[in-house]
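Before any comments, here is the structure.
Number of protein chains: 2
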Amino acid sequence: MQKGNTRISMAVIRRLPKYRRYLSELLDKDIHRISSKELSKIIGFTASQIRQDLNNFGGFGQQGYGYNVEELHSAIGKILGLDHSYNTVIVGAGNIGQAIANYTNFEKAGFKPTAMFEINPKLIGLKIRDIEIMDADLLGTYIKEKNINIGIICTSKEKAQDVANVMVESGIQGIWNFAPTDLQVPEHVVLETVHLSESLYTLSYLLKHKREEED
Amino acid sequence: MQKGNTRISMAVIRRLPKYRRYLSELLDKDIHRISSKELSKIIGFTASQIRQDLNNFGGFGQQGYGYNVEELHSAIGKILGLDHSYNTVIVGAGNIGQAIANYTNFEKAGFKPTAMFEINPKLIGLKIRDIEIMDADLLGTYIKEKNINIGIICTSKEKAQDVANVMVESGIQGIWNFAPTDLQVPEHVVLETVHLSESLYTLSYLLKHKREEED
DNA sequence: TAGATTGTTAATCGATTAACAATC
DNA sequence: TAGATTGTTAATCGATTAACAATC
């Protein structure tokens, strides 16, 4: 799909899910054809940027016509790797861990939590939906045996690096980290961290500097 | 604090919380002085970028010496608006809403959830920690009466815009949105959206394209 | 065919990095 | 003072936008 051996910039990659989401909405509205100009109006990127972005991955459009919504939606899904499913584990059955486990949208998108892991004995053995909470000591073995692709870290920042190490040693391919810390992982392991407090502090900054910005 | 009337770029603003976090860690380790070069090693930005970033807000360093960690930490806290507290409400007492309500770190940083709002009658009247779950119909009145600064939206994407509208009409200053949709708010209201699925899909992309990237 | 719109190259803009004089 | 390191200007790099020939 990707053209030649050009490196795609992270800026482009992070826009792809947004394209896909808006294309989904168009499909819901039974709109099957869209030009970069029209898409620009609803998504807020320039038409030029949209065409540049998409052309990193191939020529999905047709001159004089625009883009076929279904086709583009499915192509972006494939590019993002949403055309097949992944096995995941959630480590930490606290607030965020439970929220992720309960959030069925991720499962619908192909990210299936197969088990949760905890150190708190009161939680071990319980289930969240059909997902069992297991003893954290079993994490490594489980990842190896069940062919887990993605590890989701929902522990405190103090425990997160240890958990990541176990995951890496057990052959995990990617880590989705919610602990408020920057983890160290080898180059072959993909890491994506959600820094909730950084997001909140950014909001706080903008709140404080709003008036100045309006000057 | 901010120099003249230069506009600070979002790229810089989004790095500020990370500076603050690493400076906190240094304080925990009783390190009271740091040069941009040393900070560069632990935080992963270039020393040049660190000096550029900080100089947007003033000259916090001293030639030949470096930066005083306490001073810089507190200065960045002030810049981010973390030197005073905010009243918040959480709308939606589902998975994410409950997780946010239970996550005491935000409260410690000055973002105090004063109430939650729900449409599900089974949840109305319950408490999460000391935070009462109230009828969503009372949201607007509550925001006005209690001087709420920040509204946290944890509803479905279908309800999110309506909730945002009520918040805006009631004089909210900022919205922290967890619903997977892009909200429309007037210019004077600050909006920060956490797109969890976009983060997950980015991870998925990187997973899929890992091997190619290693070529 | 004429009109529309892409794909792609070139121009611009902005952010990052390098360099170095100022100065502690 | 000499050494270290900032603050800041200049150079580079990368991303976005504009322009337009290609073509459906």
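So the protein sequences, as listed, match chains A and B. If you read the first sequence in full-length UniProt numbering, its first letter stands for residue 1, the second for the next number, and so on. If you read the second sequence in full-length UniProt numbering, its first letter stands for residue 1, the second for the next number, and so on. C-beta atoms are modelled at their ideal positions from N, C-alpha and C, and glycine is treated no differently.
Between which two residues does the beta strand (DSSP E) harbouring residue i extend?
i, result
"A:N68", "66-68"
"B:N87", "86-91"
"A:A190", "With the sequence shown as reference, residue 190 of chain A is identified as Val, and Ala is not the correct amino acid for it. Run containing A:V190: 190-193, per the beta strand (DSSP E) assignment."
"B:A136", "Per DSSP, B:A136 belongs to no beta strand (DSSP E) and is neither H nor E."
"A:N177", "174-177"
"B:K112", "111-118"
"B:G151", "150-153"
If I measure Cβ to Cβ from residue i and keep anything under 6 Å in the same chain, skipping five residues before and after, which residues do I get?
i, result
"A:R51", "S36"
"B:K3", "In this prediction, B:K3 has a pLDDT of 48, which is less than 50 and means its spatial position is unreliable; what the coordinates show is noted afterwards. So no residue of the chain qualifies."
"A:I133", "A93, M116, E118, L123, I124, L126"
"B:F45", "none"
"A:I8", "N56"
"A:T193", "N177"
"B:D135", "I124"
Ignore the nearest five residues each way along the sequence and tell me which others in residue i's own chain have a CB closer than 7 Å to its CB.
i, result
"B:N87", "K112, T114, K146, N147, I148, N149"
"B:E71", "F60"
"B:L26", "I34, V69"
"A:H195", "P180"
"A:V12", "D53, N56"
"B:H73", "R20, L23, S24, L27"
"B:G140", "V166, E169, S170"
"B:L200", "none"
"A:Q98", "I128"
"A:L191", "I175, N177, L183, V185"
"A:L82", "A109, G110"
"B:T155", "V91, G92, V163, A179"
"B:I96", "C154, F178"
"A:I42", "Y22"
With respect to the alpha helix (DSSP H) encompassing residue i, which residues constitute its N-terminal and C-terminal limits?
i, result
"B:S27", "Note on identity: in this sequence residue 27 of chain B is Leu, with Ser being the wrong assignment. 10-28 is the span of the alpha helix (DSSP H), which, as asked, contains B:L27."
"A:L196", "196-208"
"A:I100", "95-102"
"A:I50", "47-55"
"B:I42", "36-43"
"A:E169", "157-169"
Which residues in the same chain as residue i place their Cβ atom closer than 8 Å to its Cβ, once the five residues preceding and following it in sequence are excluded?
i, result
"A:P186", "V168"
"B:Y67", "R33, I34, S35, S36, L39, L54, F60, G61"
"A:I172", "I143, I148, N149, I150, G151, V189"
"A:A101", "I90, A93, P113, M116, I128, R129, I131"
"B:L138", "F117"
"residue 264 of chain A", "With chain A covering 1 to 215 only, the question about residue 264 of chain A has no answer from this structure."
"A:S204", "none"
"A:L80", "L16, P17, R20"
"A:A47", "S35, S36, K37, L39, S40"
"B:K157", "A179, P180, T181"
"A:N105", "none"
"A:Q161", "T181, L183, Q184"
Run through chain B and tell me which residues come within less than 7 Å of residue i, C-beta to C-beta.
i, result
"A:Q173", "L207"
Can you name the residues of chain A whose CB is closer than 7 Å to the CB of residue i?
i, result
"B:V12", "Correct list: empty, because the minimum Cβ distance to chain A is about 10 Å."
"B:F111", "L200"
Buried or exposed, going by whether 16 or more other CB atoms sit within 10 Å of the CB of residue i?
i, result
"A:G174", "buried"
"A:R21", "buried"
"A:G64", "exposed"
"A:P121", "exposed"
"A:E198", "buried"
"B:N177", "buried"
"A:I31", "exposed"
"A:I153", "buried"
"A:G77", "buried"
"B:K29", "exposed"
"A:K208", "buried"
Quick one: list the residues of chain A neighbouring residue i, beta-carbon separation under 8 Å, in chain order.
i, result
"B:P17", "H195, S197, E198, Y201, T202"
"B:L23", "Ordered by position in chain A, no residue passes the 8 Å Cβ test against B:L23, which lies about 13 Å from the chain."
"B:L27", "By Cβ distance, chain A contributes nothing, its closest Cβ being about 15 Å from B:L27, past 8 Å."
Note down, in chain order, every chain B residue with its Cβ under 8 Å from the Cβ of residue i.
i, result
"A:E192", "S199, L200, T202, L203, L206"
"A:L82", "Y201, S204"
Exercise for the section: Anything in the region 34-66 of chain A with a Cβ closer than 7 Å to a Cβ of chain B? List those residues in chain order, please. Expected result: none
Exercise for the section: Could you run through the region 198-212 of chain B and flag, in chain order, every residue whose CB is less than 8 Å away from some CB of chain A? Expected result: E198, S199, L200, Y201, T202, L203, S204, Y205, L206, L207, K208, H209, K210, E212
Practice task
May I ask you to list, following chain order, the residues of the region 85-107 of chain B that have a beta carbon less than 9 Å from some beta carbon of chain A?
Solution key: Y86, G94, N95, I96, G97, Q98, A99, I100, A101, N102, Y103, N105, F106
Problem - Members of the region 65-80 of chain A near chain B, C-beta cut-off 8 Å - result: I79, L80
Exercise for the section: Closer than 9 Å, Cβ to Cβ, to anything on chain B: give me those residues from the region 109-134 of chain A, in chain order. Expected result: Taking 9 Å as the upper bound on Cβ-Cβ separation, chain B lies near residues A109, G110, F111 of the region 109-134 of chain A.
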